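Numbering (our numbering), first residue to last: 1 to 80.
All residues carry an ideal CB built from backbone N, CA and C; glycine is no exception.
Being a predicted model, the structure only gives us computed values, none of them experimental.
In structure tokens:
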């Protein structure tokens, strides 16, 4: 736990960072009052970050398995 806002900020700064935000200024065909800025993250970097995260490792599996709704195996569950 933490006692001050400064201590909380210091703790958040030592956390591992995810993919960095990127920005692109768009130039629309029609004039606008403000500039249009698109903020985004690289989706490949996001997937790499999620798949390599140690807390998610036990929950991610790429091996197919059969799941049944009951122990008697009467109904097969299909899921992603």
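Other residues of its chain near residue i: CB distance less than 8 Å, five sequence neighbours each side excluded
{"i": "residue 49", "result": "18, 19"}
{"i": "residue 5", "result": "none"}
{"i": "residue 74", "result": "68"}
Cβ-Cβ distance between residue i and residue j below 9 Å
{"i": "residue 25", "j": "residue 35", "result": "yes"}
{"i": "residue 51", "j": "residue 63", "result": "no"}
Close-in-space but distant-in-sequence residues of the same chain around residue i (CB under 7 Å, 5 per side omitted)
{"i": "residue 76", "result": "66, 68"}
Backbone secondary structure at residue i - three-state DSSP
{"i": "residue 77", "result": "strand"}
{"i": "residue 12", "result": "helix"}
{"i": "residue 29", "result": "coil"}
{"i": "residue 55", "result": "coil"}
Assumed close pair residue i, residue j - CB separation to whole angstroms, cut-off 8 Å
{"i": "residue 41", "j": "residue 29", "result": "Wrong, their Cβ atoms sit about 26 Å apart, outside the cutoff."}
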